[in-house]
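Notes to accompany the following structure.
Chains as they are written, first to last, in the numbering used here: chain A, 530 to 1120; chain B, 530 to 1120.
Next comes the structure, spelled out in structure tokens:
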């Protein structure tokens, strides 16, 4: 960001003008970087990192106007005026990320300079867009959740009220018409009236996160229920097996229900992170462990997929089917703007990179929560967790596991007071046949939350055995794109076949394939269950040799009759849509 | 176009400046409109239309600079300089459409004013971009085919050479890098080195048309064979059942091989028209009747689909699956810019409308060709056709048919000289079981071209009986998007199911459906062949009632084993692409 000039944007020259670099929203990338650095400092002291963070903080502070406004793309000489392009200028979006960075820094020990900058920026937002100000709205939600977080941290009701106002304002088509429709920025339907997430996926998920924050802090159960129902429907109809969201490249958007093409999956990394944000807020709001399942699925199949082993390249979009061989990661900087590769070192729009950074740096905060009377474990990883219960007792436990490589999770009590308390564990939705062993007693546990309440002693052990083994999964028959397919999962992890040489699937080198193993001709035998092998999971397949037909559509082979049918009349394709509003399909799935 | 100011753009004020309206390429729409008017005048005299055409011609002539340059978006006061944005400015593209309009006008009887404007514009292009000029290239092909057509009309070799130069220049990445890659404007691979059409579909198809023109006129058989092979592969792997091309909205582009989603089909109307242009040129170049099949398929399933019955609204993109009910055609002009509807009255980018107009106005020119020794019929419609054979004999015939409603085509000789000559008829690729009756003699004919050579007398009749009846068609198994589906065709016409009330497919009103007939739950019984009924074609289907699952992926039901498989190893999805260039899929089709 230094090299690209994005951090330098905060430094104006003597005349107040700046040779600005990057897109309008590049400030937000700097703020997300600061947030990541703040979380990282919370994990371990690092004087060098702390100095860098302080320097960035001073640069931001220096760019802040006396009235609290701070944005490097608007309001300076030669730039458009403040808030002259709310629909696409990303000003409030950037401010939101500034607030989140300051909250992160305060939560990791420094509630000073950056928090002061953020409060003044937030005050300026409230002054400008409050009940007595302009009834404006940012084209990209983000400010809503940030204001609530700042309200939580500072106790300032004003920020919460402003967030609630932004949420209430959305959905009334007050933003200008967008070529992709008002749904693009969720301004088509009021938040509490919608029934599913739609439009630009990151926008929709950030807005929903802010709405849950507002609902929880204001006791607005109706709003909470509305957003929870929207997310339920989104999970049931608009989510990839990986937990990825967004099936349209054109507008980076959710598709219609069940439009989930594997090969054209957008599944933006940022949308995955935004869905984790939403699921986490719903988990905290409702206590339902199934939201932990969603977080786990996205962590293992979107976030973990997006980044390269060396952390130097990433996927912006996460396809579920790659038909042509990917290109190598480019190593020259001229290609920075173009992405490509299997993973790309940079994009001109590099929102995903600092988003990954801030998520990974704060990952520890997603493992567990404390309630009035116990601890709840939501994700499984080696961890030492200590906290104080509502009654003041200090409790602690250690988690040891190789999950998800295997399904054994060991929880050992490391600190406890007198009297009973609870340890609650999440049994994932896929874990049919899980077992819990407590005090030598073994019992089957069903997916959901399992509470172990007792008078603990230090050294007591809870042993959760999850049935991590390969399994086939089939899609809802309404997902046209993957009809007639199976996927393989193992615990929370989605598997794939890969061919690393042109036209050669990763088959057993001792076996004979007749056609080189083109992945687009692979046919899995679903009767042979997948099994663990040394480097992955093994299934049985054959490869259909394609013919060289000139036209890829042909008469069918004979098939058998099915019962219970009713007559359906068809019309010529070119006749469709002439008799009024209609749904339509050319391809008709068979019985 | 008058109301939007696109025609007015040609009129500058006293200072030479103009308050210009529309996109950079709006000149081309005016030229396509002129071309359509010219073809229409060729069909029938119309003084009012002729006057309008003359007025438009004068406006264009008035806007032409003394050196021949004409474009309303560049080169005037306050506008960017000429040819300062070849990649996206569409200047040569617009000039190409001017040339095509002038050629059409000359071919329909007026080789005067407009042709003069076009020749001077073409001369300016040759002066600027010729062997001694700038080695430039337009981001949107079109000038190539237009220059060859002008060369054919005028006999000026210079125009042909310039077209050949433009074709040879393309594919060397001389245009600036594009966010969608150089393939977006077919500048990634030299025309004669490519093996398939790719990138922006209209660009690719216009370029290929120009390349065929160049190849034919220069005797460049290698170039012709290369483009023919590219089109073959495009037809076999990148074309919808409708003949539509382009499966990506994002870049209006061809997808990878077999990426042909029905619900996200782009299948732009202009791409269909461009494919007709290419197929027609290949038909003329090779004589192969199968290109007539392609034209027929696109005419009946793309072009005929695109336009409304009243000719006042149209599809820009032609989806093959509409999941949510379409909206009514808006009748207020405020919605002009946004499209929508089942068909839209206007788009800001309205390239398709005048393209449809010029195609429909010239449709008669696609019916037949004359060779050295006979007539060939390529499309079947009522027609009177008269021409002169190479030896000077005048011949003529009349066609009477209700095709494609039924398959009977009657050809009657209306004029003939002494000695034998040929009438050659196209038997479409789908027409297994066609019959020909000549002189009372009946014989089976196979798909392809059937030549009837004899000494004709006026009144002789040729009777072609094509087996027009409903049939099922299945897709290549590599088209993931429609696996497990059938389509219904009848002759060259693709059918679809339609539900004109929410959730209610067009089922027999006397029959009982249990769930309202949601088209996304329709399951066709492929064992019951479709049959003709009064208003269309009838198939048998049932409707699966979906369950209310929270997550649309689940364990499979038991299935039976398949033989001949080899082991395939899978890796976790988040591991893919880490071992070098790879292909990949998550969903694995079953045996």
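The C-beta atom is built at its ideal place from N, Cα and C for all residues, glycine as well.
Straight through space, the alpha carbons of residue 953 of chain B and residue 815 of chain B are spaced by roughly 15 Å. By the rule that beta-carbons nearer than 8 Å mark a contact, residue 764 of chain B touches chain A.
For residue 802 of chain A, the enclosing alpha helix (DSSP H) has its first and last residue at 798-815.
With a beta-carbon spacing of about 5 Å, residue 1059 of chain A and residue 1068 of chain A fall inside the 8 Å limit used to define contacts. Under the Cβ criterion (8 Å, minimum of three pairs), the stretch 963-976 of chain A does not count as touching the stretch 874-886 of chain A. Counted as a single uninterrupted DSSP element, the beta strand (DSSP E) harbouring residue 900 of chain A occupies residues 897-900.
In this structure the stretch 727-741 of chain A lies against the stretch 793-813 of chain A, because at least three pairs of beta carbons, one per stretch, are closer than 8 Å. Within the same chain, and ignoring the five residues on either side of residue 977 of chain B in sequence, the residues whose Cβ sits closer than 7 Å to its Cβ are 818, 956.
Annotation for residue 1002 of chain A: no alpha helix (DSSP H) segment contains it, though the beta strand (DSSP E) segment containing it runs 999-1004. Residues of the stretch 938-971 of chain A with a C-beta atom less than 8 Å from some C-beta of chain B are 958, listed in chain order.
Annotation: residue 685 of chain B has no Cβ neighbours in chain A at a cutoff of 7 Å; minimum Cβ distance is about 38 Å. Around the beta-carbon of residue 1026 of chain A, 16 or more other beta-carbon atoms lie within 10 Å, marking it buried. Residue 962 of chain A and residue 995 of chain A have their C-alpha atoms roughly 7 Å apart. A residue is called buried when at least 16 other Cβ atoms come within 10 angstroms of its Cβ; residue 558 of chain B meets this threshold and is buried. Burial state of residue 675 of chain B is buried, judged by a 10 Å Cβ sphere holding 16 or more other Cβ atoms. Using a Cβ-Cβ cut-off of 7 Å, residue 825 of chain A is close to nothing in chain B; its nearest Cβ partner there is about 13 Å away. Comparing alpha-carbon positions, the option among B/702, B/1073, B/644 lying closest to residue 682 of chain B turns out to be B/644.
Excluding sequence positions up to five before and after residue 707 of chain B, its CB lies within less than 6 Å of the CB of 713, all in the same chain and listed in chain order. When only Cα atoms are considered, residue 1113 of chain A and residue 771 of chain B end up about 15 Å apart. Listed as beta-bridge partners of residue 950 of chain B by DSSP are B/983. Between residue 990 of chain B and residue 948 of chain B a beta carbon distance of about 20 Å is seen, past the 8 Å cut, so the two are scored as non-contacting.
Here DSSP, grouped into helix, strand and coil, assigns residue 629 of chain B to helix. Residue pairing by DSSP leaves residue 603 of chain A without any beta bridge partner. Linking residue 1047 of chain A to residue 630 of chain A through their CA atoms gives a straight-line distance of about 47 Å. In the pairwise beta carbon analysis, the stretch 665-672 of chain B is classified as touching the stretch 691-709 of chain B: at least three pairs are separated by under 8 Å.
Between residue 569 of chain B and residue 890 of chain B the beta-carbon gap is near 4 Å, inside 8 Å, which marks them as a contact. Under the 8 Å Cβ criterion, the stretch 771-789 of chain A counts as touching the stretch 840-849 of chain A, having at least three qualifying pairs. Taking a contact to require three or more Cβ pairs closer than 8 Å, the stretch 677-692 of chain A and the stretch 748-755 of chain A do not qualify as touching. Around residue 1083 of chain B, the beta-carbon contacts reaching into chain A at under 7 Å are 1002, 1003. With fewer than 16 neighbouring CB atoms inside 10 Å of its own CB, residue 841 of chain B falls in the exposed class. Rounded to whole angstroms, the separation of the alpha carbons of residue 905 of chain B and residue 825 of chain B is 15 Å. Nearest to residue 562 of chain A by alpha-carbon distance, out of A/1057, A/578, A/832, A/1065, is A/578.
The C-alpha of residue 661 of chain B lies about 9 Å from the C-alpha of residue 655 of chain B. Residue burial annotation: residue 853 of chain A is exposed, with fewer than 16 other C-beta atoms found within 10 angstroms of its C-beta. At least one CB of chain B lies nearer than 8 Å to the CB of residue 778 of chain A. Proximity of residue 587 of chain A to chain B, defined by a Cβ-Cβ separation below 8 Å, is not satisfied.
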